[in-house]
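Structure first, then comments.
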Amino acid sequence: MTDIATDQTLATLLRIASALERIAPAARKPADLTVADAFVWHPSGAELAPVARVNRVALSLLRGVDRVRDTLAENTERFARGLPANNVLLWGARGMGKSSLVKSVHADTNTRLKSEALPLKLIEIHREDIESLPVLMALLRADRHRAIVFCDDLSFDGDDTSYKSLKAALDGGVEGRPENVVFYATSNRRHLMPRDMMDNERSTAINPGEAIEEKVSLSDRFGLWLGFHKCSQDEYLAMIDGYVGHFGLKVAPEDLRREALEWATTRGSRSGRTAWQYIQDLAGRLGKRLEG
30 MTDIATDQTL
40 ATLLRIASAL
50 ERIAPAARKP
60 ADLTVADAFV
70 WHPSGAELAP
80 VARVNRVALS
90 LLRGVDRVRD
100 TLAENTERFA
110 RGLPANNVLL
120 WGARGMGKSS
130 LVKSVHADTN
140 TRLKSEALPL
150 KLIEIHREDI
160 ESLPVLMALL
170 RADRHRAIVF
180 CDDLSFDGDD
190 TSYKSLKAAL
200 DGGVEGRPEN
210 VVFYATSNRR
220 HLMPRDMMDN
230 ERSTAINPGE
240 AIEEKVSLSD
250 RFGLWLGFHK
260 CSQDEYLAMI
270 DGYVGHFGLK
280 VAPEDLRREA
290 LEWATTRGSR
300 SGRTAWQYIQ
310 DLAGRLGKRL
320 EG
């Protein structure tokens with residue numbers, strides 16, 4: 030009788046173990062960064078989804094940002110070569126090519142260092158997934174490739190406390206930030222926080238100075254702050270001319286100038302984004318595909 034009971038108990042335990050194995054999450058697979066040069070991070074499955082074709086423009090087409098372009102390119106090249114490099118915050122006027130510059134510099138660096146270093150990887154993390162950044166960092170730490178983790182349009186509002194996860198990840202905690210990872214972010218705000226949020230912290234804190242320091246200290250985790258400012262009319266027209274020449278659009282110079290300025294006026298903005306939108310409209314009217 031005892032043997033029968035023991036057999037029944039053992040069978041029950043085996044069924045429970047089998048059921049637990051079926052419902053357990055699959056073992057996390059190591060990331061394979063050799064399949065592409067760019068990836069998008071999906072935290073729900075701890076997965077790096079390869080990007081077959083990155084939405085980018087040639088670095089030579091980004092006009093009016095020469096100084097920040099060169100600074101970012103130098104930092105990125107040092108990092109790709111295995112030398113010390115900084116996290117970078119690209120902040121300022123909207124539509125001036127902050128995210129475009131990151132993607133273009135990444136491609137340009139890989140092209141120039143093709144025979145000297147492993148391909149540099151670009152990994153995009155969405156703003157809403159910032160709290161999973163430590164998981165991504167841990168995943169990349171053991172890989173032999175060097176990677177730029179990139180977050181576009183990063184900012185924090187209201188009672189959002191996920192900025193604390195970002196601070197911890199950029200500092201790296203006890204282990205330190207992985208030597209093979211840097212973090213690049215774009216934002217319209219230099220301190221990543223709205224001014225009214227910081228002012229509210231000052232008014233309600235026992236020590237107002239400490240409250241502001243807590244907010245501003247996030248930006249201090251970025252060794253490089255690259256500022257983007259609104260472009261002048263000449264810079265805007267230079268952007269237009271660069272696109273027209275690159276894509277071989279046939280248009281009379283006087284018509285091009287008049288239309289481009291009118292386009293900017295109706296939108297109340299002169300920027301790289303406005304210039305690109307005008308070029309798309311022009312190419313469409315000319316029946317020309319924007320390739321090359």
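Position in the sequence shown (first residue = 1) + 29 = this note's numbering. Cβ atoms here follow ideal geometry from the backbone N, Cα and C, with glycine treated the same way.
| Does DSSP put T63 in a helix, a strand or coil? | coil
| query | Which word fits L311, buried or exposed, when buried means at least 16 other C-beta atoms lie within 10 angstroms of its C-beta? | reply | buried
| request: Please report how far the alpha carbon of H220 lies from the alpha carbon of T41, in whole angstroms. | output: 58 Å
| request: Check whether the stretch 126-140 touches the stretch 83-93, counting contact only when three or more Cβ pairs, one atom from each stretch, lie closer than 8 Å. | output: yes
| said: Could you check whether the Cβ of G93 sits closer than 7 Å to any heavy atom belonging to the ligand NAP? | reply: Among the components modelled here there is no ligand, and therefore nothing to report on the ligand NAP.
| Are there 16 or more other CB atoms within 10 angstroms of the CB of P207, so buried, or fewer, so exposed? | buried
| What is the C-beta distance between G11 and N115, in whole angstroms, given that I count them as a contact (C-beta under 8 Å)? | The question about residue 11 has no answer, for the chain in this structure spans 30 to 321.
| Candidates G256, L255, E291 and C180: closest to I269 by CA position | E291
| Boundaries of the alpha helix (DSSP H) in which E103 is found, first to last residue | D95 to A109
| query | Taking the alpha carbon of A78 as the point to measure from, which residue in R110, N139, A122 and I154 has its own alpha carbon closest? | reply | I154
| said: Contact between the stretch 62-78 and the stretch 161-172 is defined here as three or more beta-carbon pairs at a separation below 8 Å; is this criterion met? | reply: yes
| Which partner residues does W70 have in the DSSP bridge list? | L77
| query | Using the rule of at least 16 other Cβ atoms within 10 Å of the residue's Cβ for burial, across every protein chain shown, is M30 buried or exposed? | reply | At M30, the pLDDT of 49 sits below 50, so the modelled position is not reliable and the matter cannot be decided from this model.
| message | Let's see if you can read the secondary structure: which residues bound the beta strand (DSSP E) around E145? | response | Element bounds for E145: n/a, residue is neither H nor E.
| task | Can you tell me which of the three DSSP states E160 falls into? | result | helix
| field | Euclidean distance between Cα positions of G126 and T215 | value | 10 Å
| By how many angstroms is the C-alpha of T100 removed from the C-alpha of A109? | 14 Å
| said: So, does the stretch 284-303 touch the stretch 253-273, judging by three or more C-beta pairs under 8 Å? | reply: yes
| field | Nearest-angstrom beta carbon gap, D66 and L151 [assumed within contact, 8 Å] | value | 7 Å
| query | In chain order, what residues of the same chain have a beta carbon less than 6 Å from the beta carbon of Y192, not counting five sequence neighbours either side? | reply | F185 and L247
| request: In the DSSP assignment, find the unbroken alpha helix (DSSP H) run with S133 in it and report its ends. | output: K127 to R141
| task | Using the DSSP secondary-structure output, state which residues sit across from F13 in a beta bridge. | result | The chain is shown from 30 up to 321; residue 13 falls before or after that span and cannot be answered.
| said: List, from N- to C-terminal side, the beta strand (DSSP E) runs of 3 residues or more that fit wholly inside the stretch 239-279. | reply: 253-257
| query | G121 lies in the beta strand (DSSP E); which residues open and close that run? | reply | V117 to G121
| request: Can you check DSSP and say which residues form a bridge with E153? | output: V69 and F179
| task | Leaving aside the five residues before and after A293 along the sequence, list all residues of the same chain whose C-beta is less than 7 Å from its C-beta, in chain order. | result | Y265, R299 and T303
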